[in-house]
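Written out below as structure tokens is the structure these notes cover.
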Amino acid sequence: MRYISAGQYYKELFGQKVYRIALDAGCTCPNRDGTLGYGGCIFCSGSGSGEFASSRELPVADQLMEAKAKVSAKYTGGKYIAYFQNFTNTYGDEETLRHKYEETLSDPEVVGISIATRPDCISEKMYGILGQLAERTYLWVELGLQTIHEESAKWMRRGYSLPVFEEALARLSSLPGNLSTIVHVIMDLPCETKEQMLETISYCAHLPIHGIKIANLNILKNTDLAVEYMKNPFPLMEREEYSAIVAEAIERLRPDMVVYRLTGDGAKRDLIAPLWVADKRKTRNAIDAYFREHDVVQGRYY
Ligand code: SF4
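Counting along the sequence shown from 1, when you hit position 116 you're at 115 in numbering that gives the first Met the number 0, and nothing is skipped either side.
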């Protein structure tokens, strides 16, 4: 085992394969509704960096049912994680959101909830709700950090500073129950050197977090990043180069951290570059092959 994948972790926790179902809580984001800006993060797609959920017009229970029916041909394990993925899923009326989170738990096949959000969008009341949820089920809160470097954060228009992230993480870590935090990082930002990217990884390895999602920068249609890229194409990593930097990242992680993702995950139909990422299987195989050939082991240089 070269690193702890989500599949291995779920198997250990639940004794079997678990399927994550993307749901849409109907939220927006302060980077999009005018509170901080209108354009969103530079790479964010119109669907709020989550392309796989059902229609937000449907109640969450119906979205869940629809998604379960869709995957029934390939998954019959009967254990699901309700994944509130797109936009900022703690941003909005807290009671409405509480109801949506809890609605998923009325399905006995839902064994946990994953909530993707921003560290500057968790209100006092929401911390309370998350703590209560974590006492009832497994709860993962995903924070989109992407980088620790403030200049890069400005470039991507993230809209909050590192101390804001640290404060939210400290609050989340102090909550009761089964709450785990996952942090998202991007490994090939054009404004960063390789050393800077790896500094972000080393920083994450020393945080009280449970897991990490590592992605390459996807340039998607209808994003400001796509406009910038078309005007002024900048070099993006090839699969081989990306595999090498992911390997270095894995070796710097804490040995107990779960690695939920190793590449970007944008919708194929919207992908402009890099095109190699569209072939997920090939990309995963190439990364695995690289790990084998170079004897990559998670935590070696932690
Ligand atoms: S915080 Fe997330 S949803 Fe909001 S603009 Fe950035 S990527 Fe999009």
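Built from N, CA and C at the ideal position, the CB exists for glycine as well.
Query                                                                                                                                                         : Result
Thinking just about the alpha-carbon of each residue, which of Glu237, Thr282, Glu191 is nearest to the one in Glu149?                                        : Glu191
Please classify Ala72 as buried or exposed, where buried requires at least 16 other C-beta atoms within 10 Å of its C-beta.                                   : exposed
By the DSSP assignment, the beta strand (DSSP E) with Gln145 in it spans what residues?                                                                       : 137-145
Under DSSP, the alpha helix (DSSP H) around Ala24 begins and ends at which residues?                                                                          : No alpha helix (DSSP H) holds Ala24; DSSP gives it neither H nor E.
Between the C-alpha atoms of Cys28 and Tyr90, what's the straight-line distance to the nearest angstrom?                                                      : 7 angstroms
Looking at Val257 and His209, is the spacing between their C-beta atoms short of 9 angstroms?                                                                 : yes
Of the residues Pro207, Ile185, Leu206, which one's Cα is nearest the Cα of Leu197?                                                                           : Ile185
Runs of 3 residues minimum, wholly inside the region 210-297: which ones carry the beta strand (DSSP E) assignment?                                           : 210-214, 257-260, 270-272
Quick check for students: name the residue ranges of the beta strand (DSSP E) that lie wholly in the region 11-99, counting only runs of 3 or more.           : 18-22, 79-83
Since Ile41 and Trp139 are thought to touch, with beta carbons under 8 angstroms apart, how far apart are those beta carbons, to the nearest angstrom?        : Contact flag wrong, Cβ pair sits at about 26 angstroms.
Kindly give me the distance between the Cβ atoms of Val295 and Arg1, rounded to whole angstroms, as I take these residues to be in contact under 8 angstroms. : 5 angstroms
What three-state label does DSSP hand Thr199 in the structure shown?                                                                                          : helix
My output table needs one value for Ser122: the three-state DSSP class, helix, strand or coil.                                                                : coil
Is it the case that the CB of Gly33 approaches a heavy atom of ligand 1 more closely than 8 angstroms?                                                        : no
From the DSSP output, in three-state form, read off Leu104 for me.                                                                                            : helix
Do three or more CB pairs link the region 32-46 to the region 218-233 at distances below 8 angstroms?                                                         : yes
Does DSSP put Gly130 in a helix, in a strand, or in coil?                                                                                                     : helix
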